[in-house]
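Take a look at the structure set out below.
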Amino acid sequence: MRCSGSDKAAIQLLQNSNLSIKKTLERLDIHKPTFYNWLKRYQENGIDGLEDRKPAPKPIWNKITEEHRDSVIELALDKPDLSPREIAVSHTDEKDYYVSESNVCRLLKEQDLITRLAYILMQASDKFRQPTTRVNEMWQSDFTYFKIIGWGWYYLSTELDDYSRFIISWRLCTSMGA
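Per the UniProt record's numbering, the very first residue in the sequence shown carries number 1; after that it's consecutive.
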């Protein structure tokens with residue numbers, strides 16, 4: 001619970017009232033250690049000591065230092081043929097300081113030293129290379145397996161005619177063996 005400095009000062013005044021500190025704190029829903037911390041700050045610094053203070057930023061335990069950031073970037077510039085994984089391993093070997101592959105990628109992206117790989121996308125063609133023109137010219141086989149609760153795994157093998165898409169034959173087995 002956050003209280004303003006004036007609220008905290010009112011608590012200081014209530015200390016001198018006829019109610020006990022315990023009862024006053026219960027009514028205000030403030031814990032005793034919090035009150036005594038405020039009291040100590042009030043005694044040391046007066047009313048200014050009761051103003052809210054921003055908590056000091058805590059150091060990040062796994063933050064990469066500027067020195068190591070610069071050495072990773074320098075290594076990437078010296079050896080542009082290395083992948084981020086290889087840069088991370090090289091840095092660990094040379095500098096005895098571990099930097100993860102993901103951190104290397106992030107640092108290289110920040111410096112515009114890495115781009116996305118150009119992937120070759122495979123697209124489905126509009127026509128089959130060998131289209132069928134009659135029944136029984138080409139067959140397809142399909143295997144699937146499924147689990148029936150209480151019975152176990154079953155395996156279904158089917159052969160289909162490519163032209164008519166009819167099932168020519170099928171076999172249901174309890175094992176993958178023929």
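Ideal Cβ positions, reconstructed from N, Cα and C, are used throughout, including at glycine. For clarity, every value in this text was computed on a predicted model and none was experimentally measured.
From Gln32 to Leu50, what distance separates their C-alpha atoms? Stepping through the sequence shown from its first residue, residue 32 is reached at position 32. Stepping through the sequence shown from its first residue, residue 50 is reached at position 50. For the record, residue 32 in the displayed sequence is Lys; it is not Gln. Approximately 16 Å between the Cα atoms of the pair.
Inter-residue Cα distance where the pair is Val89 and Gln123: Here the question's residue 89 lines up with position 89 in the sequence shown. Here the question's residue 123 lines up with position 123 in the sequence shown. For Val89 and Gln123, the distance between alpha carbons rounds to 36 Å.
Determine the burial state of Phe35: buried for a count of at least 16 other Cβ atoms within 10 Å of its Cβ, exposed for fewer. The count along the sequence shown starts at 1 and reaches residue 35 at position 35. Result: buried.
Please name the residue or residues paired with Arg171 in a DSSP beta bridge. Stepping through the sequence shown from its first residue, residue 171 is reached at position 171. In DSSP, Arg171 forms a bridge with Ser157.
Boundaries of the alpha helix (DSSP H) in which Asp93 is found, first to last residue: Counting from 1 along the sequence shown, the entry for residue 93 is found at position 93. Counting along the chain, the alpha helix (DSSP H) containing Asp93 begins and ends at 84-95.
Check this for me: beta carbons of Asp162 and Gln140, under 8 Å apart or not? Residue 162 sits at position 162 when you count from the first residue of the sequence shown. Residue 140 sits at position 140 when you count from the first residue of the sequence shown. Yes, these two residues count as a Cβ contact at 8 Å.
C-alpha gap between Phe143 and Trp151, whole angstroms: Taking the sequence shown and counting its residues from 1, the one referred to as residue 143 is at position 143. Taking the sequence shown and counting its residues from 1, the one referred to as residue 151 is at position 151. For Phe143 and Trp151, the distance between alpha carbons rounds to 19 Å.
With a Cβ-Cβ cutoff of 8 Å, do Pro84 and Glu67 count as a contact? For the purposes of this step, residue 84 is taken as residue 84 along the sequence shown, with counting starting at 1. For the purposes of this step, residue 67 is taken as residue 67 along the sequence shown, with counting starting at 1. Taking 8 Å as the cut-off, the beta carbon of Pro84 is found no closer than this to the beta carbon of Glu67.
Between the Cα of Glu94 and the Cα atoms of Leu75, Val104, Asn103, which residue gives the shortest distance? Within the sequence shown, residue 94 is the residue found at index 94, counting from 1. The option with the nearest alpha carbon to Glu94 is Leu75.
Is it buried or exposed, Asn37, if we count other Cβ atoms within 10 angstroms and call 16 or more buried? Counting from 1 along the sequence shown, the entry for residue 37 is found at position 37. It counts as exposed.
Can you pull the DSSP bridge partners for Trp139? On the sequence shown, residue 139 is found 139 positions in, with the first residue counted as 1. BP columns for Trp139 point to Asp161.
Classify Ile148 as helix, strand or coil using the three-state DSSP reduction. To locate residue 148, count along the sequence shown from 1; it is residue 148. Strand.
Let me know the secondary structure DSSP gives Tyr36 once reduced to three states. Looking up residue 36 in the sequence shown gives position 36. If DSSP states are grouped into helix, strand and coil, Tyr36 belongs with the helices.
Delimiting residues of the alpha helix (DSSP H) encompassing Ser125: Counted from its first residue, the sequence shown places residue 125 at position 125. Premise fails: Ser125 is in no alpha helix (DSSP H) and is neither H nor E.
Which two residues bound the contiguous alpha helix (DSSP H) that contains Asp48? Position 48 of the sequence shown, counting from 1, holds the residue named residue 48. No alpha helix (DSSP H) contains Asp48, which DSSP labels as neither H nor E.
Expressed to the nearest angstrom, what Euclidean distance is found between the alpha-carbon atoms of Leu108 and Asp52? One-based indexing of the sequence shown puts residue 108 at position 108. One-based indexing of the sequence shown puts residue 52 at position 52. Using only the alpha carbons, I get a separation of about 40 Å.
Could you name the residues of the same chain whose beta carbon sits closer than 7 Å to that of Met176, not counting the 5 residues immediately before and after it, in chain order? Stepping through the sequence shown from its first residue, residue 176 is reached at position 176. Correct list, in chain order: Tyr155.
Exposure of residue 184, with buried meaning 16 or more beta-carbon neighbours within 10 Å: There is simply no residue 184 to check, as the chain begins at 1 and stops at 178 in what is shown.
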